[in-house]
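Each residue of the sequence shown is one higher than the one before, starting from 4 at the first, in our numbering.
Backbone N, C-alpha and C define an ideal beta-carbon position, used for all residues, glycine too.
Note that the coordinates shown come from a computational prediction; the quantities given were computed from them, not determined experimentally.
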Amino acid sequence: ATLTATNSGGTSSATTTITVSPAATAGGVTVVGSVTANAATATTAVSINAPAGTTAGDVLVASITGDLNPSMASVPAGWTPIVNGLGINSSASSGSRAFVYYHVVGTSDPASYAWTLGTAVKWGGGITAYR
């Protein structure tokens, strides 16, 4: 590139090479991994492992569905509700209820996470890790 300056005293130019490196491409959000778990017999205990390869800073999204319209009695520390008890064709004798939470992984997170349902029911759930 050449820069030229002109005034009443004359003109002066300087030439230099400018190299522009392309910006690093953003990879966007990627899926690290997913795991699922379920209880074939009624229980209040929900335990789901963290996906393999999860590291500090990853975002985990957990979804849990329980038969027969249960409430969620306790949630692991640091998990925030996205969907907190969405009834799906729910009644006292049929249907289900869905819960969805997210969590940013810290440096000392456990290998699995535990929720407690308000009543003993069959349940299914999973966790997906995003980076």
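Secondary structure of N92 (DSSP, three-state): coil. Note on the segment 77 to 121: whole beta strand (DSSP E) runs with a minimum of 3 residues are 83 to 91, 99 to 107, in chain order.
Within the same chain, and ignoring the five residues on either side of I91 in sequence, the residues whose Cβ sits closer than 8 Å to its Cβ are T68, G98, S99, R100, A101. Spanning the alpha carbons of T39 and A48 requires a straight line of approximately 15 Å. From the listed residues V62, G121, G81, the smallest Cα separation to T33 is found for V62. Residue pairing by DSSP puts V34 in a beta bridge opposite Y133. DSSP places S50 in the strand class (E or B) of the three-state scheme.
Note that the C-beta distance between S37 and T131 is below 8 Å. Approximately 12 Å separates the beta-carbon atoms of A117 and T46; this is outside 8 Å, ruling out the contact. When C-alpha distances from S96 are compared across V108, N72, D112, V86, the shortest belongs to N72.
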